[in-house]
Structures are given as structure tokens and as C-alpha cells.
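Just below is one structure, and these are the notes that go with it.
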Amino acid sequence: MKVIKYAILLSLLLGFGCKKEAQQTQEVVEAPLKDYSSLMQVEKGKPVSVMLTSYSTTLIADGKEETRLRVAVTDSLGQEITTAQDSIQIFVTGSGSLKTETGDAFSYGKDSLGNSYAKAKLENGLFNLHFVAGTQPDKVKVEVKSGKLWPGAHEIHTIPAEFVYKTPTQDQLPKTTKPIDRMIGADVSWLPQLESRDRKFYEKGEEVDAMELLKMHGFNYIRLRVFVNPENEKGYSPKDGFCDLEHTISMAKRIKEAGMKFLLDFHYSDYWADPQQQN
């Protein structure tokens, strides 16, 4: 009889536990996505630049495909000013057209050089519109100006309408069992410049080598940038030539001696890795 009582009691406890667990499971909900946009926004401020964002920079030149454009103005810290009401002028150079979010046509004007532009005005710090590709493949420049502010611009490439996007088949994707370890890294291309200015690095009051310091704190990958002729007058490092081949090889040896791996980022003579625009 006692056995039966214990069995009943145990079943009740288990049942209660399962029911409680089920209730808890049902109550689990996904955490809402956090909006971090406010970190780069400010209600008021002095506008310095126009910021243009294109949600796509490659379109089919079929006269139909389009992408959304977003315009804002920013202060000296790059923060969007959410109350801005600035008037803007939108210039398009190349095959393509603009339309408002509602599909209405723009009102147009001309600058002192005779260039046509679409007229618009920010509302609550923003203006959204759409760029529609033309029927001719082209490299289209969209530029937004506002008074004496630094303009914002994007280059949008339109490709032939008969272009077909290709997707690899499974047999074209060879299987690999190559292990990929956890990667924690940093770009320290500036290190030789800092060290040339007698900058020192310390750990708990004791001077240490920068590479060893990174290794001590769990870093296992280092990225380096290498430039073509960085010593040129308009190069990355005029006269000094930092980030050239010689400096890069020297840094690579230090990385290896510290027991870390490295990634090499090839640049041209300009400040940025931009193959279609070199200064």
C-alpha cells in the first residue's frame, strides 16, 4: 500500500514538474532586436556633410530595376541630425532616373553650369527616394548637394539586361574538412609609424613589445596593409613610405616570431583600395 502511495505521489510530482516545465517553455519568447541607430544620431547640431546611402550599387539596365536611396545630413562627428530640414539637390550623371517614394515626378532646376538636378527637402532629418536604371549599361554617379556642405555621392553600375546571374551547383562546391580556428585579430599597420615616434606599450606598468602584448591578450591573427609606392607625394605615407614592401616584410617576421598568423591586404597607391579611382 505504501508503495502505491509513493508511486502516486511520485507521479503527481513528475506531472507537476513536466507541466511547470511546459509552461516555462511556452513563456520563452525571442528578445526584441535592439535599435542602435540612436548611437549615430543627434537631435540638433551644425550640419557639415551630406550622407547618401544606396541600398544597391549594381542594377540590371532594363529600365525597371531600382534601388532605394537615403539622404541625411551629419555633424562633424558623423552623427545624423534628426531634425534637419535642409533643401537638397540631387544630380544624376549617366543612364538612369529618379523617382520619389510615392512614384511622383521631381521638380527640376539647373545650376550655374547648366547641370540639371532634382529638388527635394529633408523631413525629420531624412529624404528617401529611388534610382531607376536606364536601358544602357553605364557607370552612373548620383551626387547630393546642400549649400556649402560636403556633398554625398555614390557610383551605381548598371549591367546588360541579358546578364544572367549564375549560381554554383553542388558538384562545383568541393567538400572540405579544413579546420577553421577561432580568429581574434587586429590591423596594426600603423605600428611602425607609432614606434618611429617613440610610442611605448605597457602591461601593468612594464614596457612590452606590442606584438607580445596582443598575443598575451588572446590575439592570434594580425592584418597588414601593403601599398604601391606609399612614399609618393599623394601616396599613403609621403616621403616616409610606411606600409611599403620592406616595412610589411619586417612586420610579418615579428608576427611570426610572436606565434600569430597574418592576413595581407593589398592596396594601390591611393589611401583606399578602390580599383576604379586612383589619385
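For the sequence shown, our numbering begins at 52 and goes up steadily by one. Ideal Cβ positions, reconstructed from N, Cα and C, are used throughout, including at glycine. All of these numbers come straight from a predicted model, not from anything done at the bench.
As for any alpha helix (DSSP H) of minimum length 4 sitting wholly inside the region 201-266, the runs are 242-247, ordered along the chain.
The beta-carbon distance between Val122 and Leu149, rounded to whole angstroms, is 11 Å. This is too long to meet the 8 Å contact definition.
For Glu174, there is no enclosing alpha helix (DSSP H), since its DSSP letter is neither H nor E.
Where Ala303 is concerned, the enclosing alpha helix (DSSP H) starts and stops at Leu296 to Glu308. Counting of Cβ neighbours within 10 angstroms places Thr209 among the buried residues, the total reaching 16 or more. Burial check for Ile273: the Cβ neighbour count within 10 Å reaches 16 or more, so the residue is buried.
With fewer than 16 other CB atoms across the displayed protein chains lying within 10 angstroms of its CB, Ile231 is exposed. Taking a cut-off of 8 Å for Cβ pairs, the region 117-132 and the region 92-100 touch, as three or more such pairs fall below it. Close CB contacts of Asp238 within its chain, under the 6 Å cut and outside five residues either way in sequence, are with Arg274 (chain order). Cβ atoms of Ile306 and Phe313 come within 8 Å of each other, at about 5 Å. Counted as a single uninterrupted DSSP element, the beta strand (DSSP E) harbouring Met102 occupies residues Ser100 to Ser105. Classified as buried, Arg276 has 16 or more neighbouring CB atoms from the shown chains inside 10 Å of its CB. Spatial neighbours of Ser301 in its own chain (CB-CB distance under 8 Å, excluding positions within 5 residues in sequence) are listed in chain order as Pro243. The shortest C-alpha to C-alpha distance from Phe293 to any of Val93, Trp241 and Val191 is the one to Trp241.
Counting only the Cα atoms, Met234 lies some 29 Å from Pro281. For the pair Glu206 and Val191, the CB atoms are nearer than the 8 Å cut-off. With respect to Ala303, Pro188 sits apart: the two C-beta atoms are not nearer than 8 Å.
Counting other Cβ atoms within 10 Å of its Cβ, His298 reaches 16 or more and is therefore classed as buried. Taking a 10 Å sphere around the C-beta of Thr186, we find fewer than 16 other C-beta atoms and assign the residue as exposed. Taking a contact to require three or more Cβ pairs closer than 8 Å, the region 138-145 and the region 165-181 qualify as touching.
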